[in-house]
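S.K.: One structure, as C-alpha cells, below. Some questions next.
There are 2 protein chains.
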Amino acid sequence: MIQNTIRPRGRPRGFDELEALGKATQVFWSKGYDGVTIDDLVAGMGVGRPSLYAVFGDKRAIFLRALRAYAEKKGASTAEALLSSQGLRDSIAGFLRYIVESATEEGSAAGCLLVCVAPLVDDAEVRRFLKNATAGAAALVERRFRDGISAGEIPADFPVGARASQVVDLSNGLTMRARMGTSRKVLLRDAEEAADLVLLPRGTNHGPSGGARKARAVRG
Amino acid sequence: MIQNTIRPRGRPRGFDELEALGKATQVFWSKGYDGVTIDDLVAGMGVGRPSLYAVFGDKRAIFLRALRAYAEKKGASTAEALLSSQGLRDSIAGFLRYIVESATEEGSAAGCLLVCVAPLVDDAEVRRFLKNATAGAAALVERRFRDGISAGEIPADFPVGARASQVVDLSNGLTMRARMGTSRKVLLRDAEEAADLVLLPRGTNHGPSGGARKARAVRG
DNA sequence: TCAATTTCGAACTGTTTGGTACGGTAATAG
DNA sequence: CTATTACCGTACCAAACAGTTCGAAATTGA
Numbered sequence: 050m051i052q053n054t055i056r057p058r059g060r061p062r063g064f065d066e067l068e069a070l071g072k073a074t075q076v077f078w079s080k081g082y083d084g085v086t087i088d089d090l091v092a093g094m095g096v097g098r099p100s101l102y103a104v105f106g107d108k109r110a111i112f113l114r115a116l117r118a119y120a121e122k123k124g125a126s127t128a129e130a131l132l133s134s135q136g137l138r139d140s141i142a143g144f145l146r147y148i149v150e151s152a153t154e155e156g157s158a159a160g161c162l163l164v165c166v167a168p169l170v171d172d173a174e175v176r177r178f179l180k181n182a183t184a185g186a187a188a189l190v191e192r193r194f195r196d197g198i199s200a201g202e203i204p205a206d207f208p209v210g211a212r213a214s215q216v217v218d219l220s221n222g223l224t225m226r227a228r229m230g231t232s233r234k235v236l237l238r239d240a241e242e243a244a245d246l247v248l249l250p251r252g253t254n255h256g257p258s259g260g261a262r263k264a265r266a267v268r269g
Numbered sequence: 050m051i052q053n054t055i056r057p058r059g060r061p062r063g064f065d066e067l068e069a070l071g072k073a074t075q076v077f078w079s080k081g082y083d084g085v086t087i088d089d090l091v092a093g094m095g096v097g098r099p100s101l102y103a104v105f106g107d108k109r110a111i112f113l114r115a116l117r118a119y120a121e122k123k124g125a126s127t128a129e130a131l132l133s134s135q136g137l138r139d140s141i142a143g144f145l146r147y148i149v150e151s152a153t154e155e156g157s158a159a160g161c162l163l164v165c166v167a168p169l170v171d172d173a174e175v176r177r178f179l180k181n182a183t184a185g186a187a188a189l190v191e192r193r194f195r196d197g198i199s200a201g202e203i204p205a206d207f208p209v210g211a212r213a214s215q216v217v218d219l220s221n222g223l224t225m226r227a228r229m230g231t232s233r234k235v236l237l238r239d240a241e242e243a244a245d246l247v248l249l250p251r252g253t254n255h256g257p258s259g260g261a262r263k264a265r266a267v268r269g
C-alpha cells in the first residue's frame with residue numbers, strides 16, 4: 050500500500066470515510082430514511098456520534114452523500130452491464146439482469162436505495178437528484194437502442210424514447226417486487242421476458258377485432 | 050338521512066370512523082409510515098388523542114386498517130376500470146390510465162399508498178397483505194387477457210401470465226414516476242404506449258442479426 | 001332533575017431522540 | 001521529551017414522542 054499522502058497532524062481516524070458511507074447506505078437501504086435514527090447510523094457506520102457530526106453532518110447530509118455515492122457506483126455498473134454486450138438483446142437483458150441481481154443481493158436489503166427509499170424522502174434536492182438520475186438511465190438505454198438501429202438489429206422506426214422509458218419502468222417494477230420478497234429466480238425469468246417484450250417490433254396492429262384506437266401523438 | 054340504528058347510550062362521537070380512516074390514509078400517503086407521528090394523525094384525522102387510541106389502537110393498527118380500506122376501494126376501482134371496457138386494448142389502457150390518474154390526483158399526495166409507502170413498512174403482515182394484493186392485481190389482468198383470447202382479440206398463444214405481471218410492473222413504474230413528480234400528461238401518454246406494448250403479439254424474432262439468445266423455459 | 005354512560009380536551013409521565021460539551025488518547029513537530 | 005493537533009468515548013441536555021390519566025361535556029334512561 051502506497052502512502053503517498055503525508056499524514057495529517059493529529060490522531061488518525063479510526064474509520065474510513067467512504068467505507069463508513071457505504072455502511073450508512075446499507076442502514077438507509079434497510080430501514081428507509083425516516084426509519085433510521087442517529088444511533089442506528091452510529092451503530093451501523095462504526096463511527097462515534099461526535100465524529101459523525103463533525104465529519105458528515107446531520108442525517109440529511111449523510112443521506113445525500115450516501116445517495117450520490119451509491120448512484121454513481123450503481124450508475125457505472127449498470128452502464129457497464131448495458132454496454133458490455135455486443136448484441137442488443139443481451140445488452141437489455143444484461144441491464145435488467147443486473148438490476149434484479151443487485152436488488153436481490155444477499156447481505157444487502159432487498160430492493161434499491163434509489164427506487165425504494167429515496168422517492169419517499171420529502172426533500173427538494175433528493176427529488177431533483179432522483180429525477181436527473183432516472184432521466185440519465187433512460188437516456189443511456191435510449192442511446193443503446195439508437196446504436197441498435199445503426200447496427201440493423203432493430204428497424205429504423207423503433208420507438209427508442211418510449212421503449213427506453215418502458216425499460217426503466219419495468220426495471221423499477223422488478224425492483225419493487227424484489228423489495229416485496231419476490232425471489233431472484235422469478236425476477237430473473239421476468240427480466241428475460243421483459244427484455245423480449247421491449248424489443249418486439251412496433252405493432253402494425255394485429256387480430257381481426259382491432260377495435261377503436263384513439264389517435265394520439267407519437268414521440269420520437 | 051335515515052336513522053335506522055338506535056343511538057348508543059353516552060356522548061356521541063364527534064367524528065366518523067371511516068372518514069377519519071380516510072384522512073389517516075392521506076397522512077400516511079404523504080409522509081410515509083415512519084414519517085408520521087401520533088400527533089400528525091391526531092391533527093390529520095380530527096380525532097382527539099385518547100379517542101384515537103380507544104377507537105383505533107396504535108399507529109400500526111391504524112395503518113393496517115387504512116391500508117386494507119384503501120386497497121379494497123382501489124382494488125374495486127381498478128377492477129372496474131379494467132372490466133368496464135369492451136375491447137381489450139381499451140381495458141388495459143383504461144387500467145393504466147386509472148392508475149396514472151389516481152396517482153396524480155390533485156389534493157392527494159402523488160403516487161400510491163400501496164406502491165410507494167407500504168413496501169417500506171418493515172412488518173410481516175403488511176408484506177403478506179401486499180403480496181396478496183399485487184398477486185390479485187396480476188391475476189385480474191391475466192383473466193382479462195384470457196377473455197381476450199376467447200374473444201379472438203389476441204392469439205391463443207399469447208403469454209397471459211408474463212404479460213399480466215408486466216402490466217403490473219409497468220403500472221408500478223408509472224406510479225413511482227408520479228411520486229417523483231412526472232406530470233400527469235406525460236404519464237398518460239406513457240400509459241397508452243405501455244398498453245400498446247403489452248398487447249404486441251409474441252415476437253417470432255425479427256431482424257437479420259438475431260444474435261445468440263439463451264434458451265430458457267417459457268411459462269404459461 | 002338526577003344517575004349512568006360514553007366521548008372529548010388538556011395535561012402528565014417516562015422514554016427516545018438529536019445535538020453538544022468535556023476530558024482522555026493517539027499521533028506528529030520541534 | 002514536550003507541545004500541538006486531531007480524534008475518540010462518555011455523559012449530558014433540551015426537545016419530541018408514545019401512551020395514559022383525569023375531569024368536564026354531552027347524551028340516554030329513569
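The listed protein sequences correspond, in order, to chains A and B. Under this note's numbering, think of the first position of the first sequence as 50, with each following residue one higher. Under this note's numbering, think of the first position of the second sequence as 50, with each following residue one higher. Where is the CB? At the ideal position from N, CA and C, for every residue including glycine.
(1) Can you name, in chain order, every residue of its own chain whose Cβ lies under 7 angstroms from the Cβ of residue 157/B, other than the five neighbours on each side?
(2) According to the neighbour-count rule (16 or more other Cβ atoms, all chains shown, within 10 Å of its Cβ), is residue 135/B buried or exposed?
(3) Residue 167/A and residue 90/A: beta carbons closer than 9 angstroms?
(4) Under the three-state reduction of DSSP, which class applies to residue 161/A: helix, strand or coil?
(5) Beta carbon of residue 164/A, beta carbon of residue 221/A: below 9 angstroms?
(6) With a cut-off of 9 angstroms, does the C-beta of residue 63/A fall near any C-beta of chain B?
(7) Taking contact to mean 3 or more Cβ pairs, one atom from each stretch, closer than 8 angstroms, check whether the region 180-194 of chain A and the region 205-214 of chain A are in contact.
(8) Pairing CB atoms from the region 99-110 of chain B with CB atoms from the region 134-148 of chain B, are three or more of them under 8 angstroms?
(9) Over the uninterrupted alpha helix (DSSP H) stretch that includes residue 228/B, give me the two end residues.
(10) How would you write the range of the alpha helix (DSSP H) that residue 133/B sits in, first residue to last?
(11) Grouping DSSP H, G and I as helix and E and B as strand, with all else coil, what is residue 99/A?
(12) Within the present structure, is the beta-carbon of residue 100/A separated from the nearest heavy atom of the ligand GDP by less than 8 angstroms?
(13) Of all the options 240/A, 232/A, 88/A, 248/A, which has the alpha carbon lying nearest to the alpha carbon of residue 147/A?
(14) Straight-line CA distance for residue 224/A to residue 160/A?
(15) Residue 165/B versus chain A: which residues are under 7 angstroms apart at the beta carbon?
(16) Would you mind stating whether residue 27/A and residue 108/B have Cβ atoms separated by less than 9 angstroms?
(17) Here's the rule: buried if 16 or more other CB atoms are within 10 angstroms of the residue's CB, otherwise exposed. What is residue 199/A?
(18) Do residue 180/B and residue 151/B have their C-beta atoms within less than 9 angstroms of each other?
(19) Along chain A, in chain order, which residues have C-beta atoms closer than 9 angstroms to that of residue 75/B?
(20) Roughly how many angstroms separate the alpha carbons of residue 56/A and residue 169/B, rounded to a whole number?
(21) Check the Cβ of residue 185/B against every Cβ in chain A and list those closer than 9 angstroms, keeping chain order.
(22) What number of angstroms, rounded off, separates the C-alpha of residue 196/B from the C-alpha of residue 252/B?
(23) Is there at least one Cβ from chain A nearer than 9 angstroms to residue 222/B's Cβ?
(24) Which whole-angstrom value describes the C-beta separation of residue 142/A and residue 244/A, a residue pair presumed to lie in contact below a C-beta threshold of 8 angstroms?
(25) Give a yes or no on whether the C-beta atoms belonging to residue 218/A and residue 114/B are separated by under 9 angstroms.
(26) So within the region 138-206 of chain A, which uninterrupted alpha helix (DSSP H) runs reach at least 4 residues, ignoring any that extend past its ends?
(27) For the alpha helix (DSSP H) containing residue 232/A, name the first residue and the last one.
(28) Run through chain B and tell me which residues come within less than 7 angstroms of residue 180/A, C-beta to C-beta.
(29) Do you know offhand how far residue 237/B's Cα is from residue 129/A's?
(30) Leaving aside the five residues before and after residue 203/A along the sequence, list all residues of the same chain whose C-beta is less than 6 angstroms from its C-beta, in chain order.
(31) I need the boundaries of the alpha helix (DSSP H) containing residue 87/A, first residue and last residue.
(32) Given a limit of 9 angstroms on CB to CB distance, which residues of the region 75-96 of chain B reach chain A?
(33) Identify each residue in the region 139-161 of chain B for which the Cβ-Cβ distance to at least one residue of chain A is less than 7 angstroms, and report them in chain order.
(34) Using a beta-carbon distance below 9 angstroms, is residue 252/A in contact with chain B?
(35) Does residue 57/B come within less than 9 angstroms of chain A when only Cβ atoms are used?
(36) Quick one: give me the first and last residue of the alpha helix (DSSP H) that residue 77/B is part of.
M.R.: On the basis of the supplied data:
(1) As a first step, residue 157/B is located in the second sequence; it is residue number 108 there, counting from the start. Excluding positions up to five away in sequence, the list reads 75, 78.
(2) Within the second sequence, the letter at position 86 stands for residue 135/B. By the 10 Å Cβ count, residue 135/B comes out exposed.
(3) Your numbering for residue 167/A matches position 118 in the first sequence. Your numbering for residue 90/A matches position 41 in the first sequence. No, the Cβ-Cβ distance between residue 167/A and residue 90/A is not below 9 angstroms.
(4) For the purposes of this step, residue 161/A is identified with residue 112 of the first sequence, where counting begins at 1. Three-state result, residue 161/A: coil.
(5) For the purposes of this step, residue 164/A is taken as the residue at position 115 of the first sequence. For the purposes of this step, residue 221/A is taken as the residue at position 172 of the first sequence. In this structure, residue 221/A lies closer than 9 angstroms to residue 164/A by Cβ.
(6) Position 14 of the first sequence, counted from the start, is the residue given in the question as residue 63/A. Judged by the 9 angstroms Cβ criterion, residue 63/A is not in contact with chain B.
(7) yes
(8) no
(9) By one-based count along the second sequence, residue 228/B stands at place 179. Start and end: 209-228.
(10) The residue labelled residue 133/B in the question sits at position 84 within the second sequence. Segment: none, residue 133/B is in no alpha helix (DSSP H) and carries neither H nor E.
(11) What you label residue 99/A is simply residue 50 of the first sequence in a count that begins at 1. Helix at residue 99/A.
(12) Ligands displayed in this structure: none; no statement on the ligand GDP is therefore possible.
(13) As a working mapping, residue 147/A is identified with position 98 in the first sequence. That would be 240/A, whose Cα lies nearest to the Cα of residue 147/A.
(14) As a first step, residue 224/A must be located in the first sequence, where it is residue number 175. As a first step, residue 160/A must be located in the first sequence, where it is residue number 111. If I take the Cα positions, the gap works out to 5 angstroms.
(15) As a first step, residue 165/B is located in the second sequence; it is residue number 116 there, counting from the start. Those are 168, 169, listed as they occur along chain A.
(16) Past the edges of chain A, shown from 50 to 269, lies residue 27/A, and the structure says nothing about it.
(17) Translated into the one-based positions of the first sequence, residue 199/A becomes position 150. Looking at its Cβ environment, which holds fewer than 16 other Cβ atoms inside 10 Å, residue 199/A is exposed.
(18) Walking along the second sequence from the start, residue 180/B turns up at place 131. Walking along the second sequence from the start, residue 151/B turns up at place 102. No, these two residues do not count as a Cβ contact at 9 angstroms.
(19) The residue you call residue 75/B lines up with position 26 of the second sequence. The premise fails here: residue 75/B is roughly 14 angstroms from chain A at the closest Cβ pair, so nothing lies under 9 angstroms.
(20) Here residue 56/A refers to the residue found at position 7 of the first sequence. Here residue 169/B refers to the residue found at position 120 of the second sequence. Each residue's alpha carbon lies about 43 angstroms from the other.
(21) Walking along the second sequence from the start, residue 185/B turns up at place 136. Near residue 185/B there are no residues of chain A at all, since even the closest Cβ is about 13 angstroms away, more than 9 angstroms.
(22) One-based indexing of the second sequence puts residue 196/B at position 147. One-based indexing of the second sequence puts residue 252/B at position 203. Using only the alpha carbons, I get a separation of about 21 angstroms.
(23) Locating residue 222/B in the second sequence gives position 173, where the first residue counts as 1. With 9 angstroms as the cut-off, residue 222/B counts as an interface residue toward chain A.
(24) The residue labelled residue 142/A in the question sits at position 93 within the first sequence. The residue labelled residue 244/A in the question sits at position 195 within the first sequence. That pair is a contact at about 4 angstroms.
(25) Numbered from 1 along the first sequence, position 169 holds the residue referred to as residue 218/A. Numbered from 1 along the second sequence, position 65 holds the residue referred to as residue 114/B. Result no, Cβ atoms of residue 218/A and residue 114/B do not sit closer than 9 angstroms.
(26) 173-199
(27) In the first sequence, counting from the first residue as 1, residue 232/A sits at position 183. Note, residue 232/A: premise wrong, no alpha helix (DSSP H); not H, not E.
(28) Here residue 180/A corresponds to residue number 131 of the first sequence, with the count starting at 1. The answer, in chain order, is 229, 230.
(29) As a first step, residue 237/B must be located in the second sequence, where it is residue number 188. As a first step, residue 129/A must be located in the first sequence, where it is residue number 80. Computed Cα separation, rounded: 32 angstroms.
(30) Working through the first sequence from its first residue, we reach residue 203/A at position 154. 197, listed in sequence order.
(31) Translated into positions along the first sequence, residue 87/A becomes position 38. 87-94 is the span of the alpha helix (DSSP H), which, as asked, contains residue 87/A.
(32) 79, 80, 81, 82, 83, 84, 85
(33) 139
(34) Sequence index remark: in the first sequence, residue 252/A carries index 203 (1-based). Taking Cβ atoms only, chain B reaches closer than 9 angstroms to residue 252/A, which makes this a yes.
(35) Here residue 57/B is taken as the residue at index 8 of the second sequence, counted from 1. Closer than 9 angstroms: no.
(36) As a working note, residue 77/B is residue 28 in the second sequence. Start and end: 66-80.
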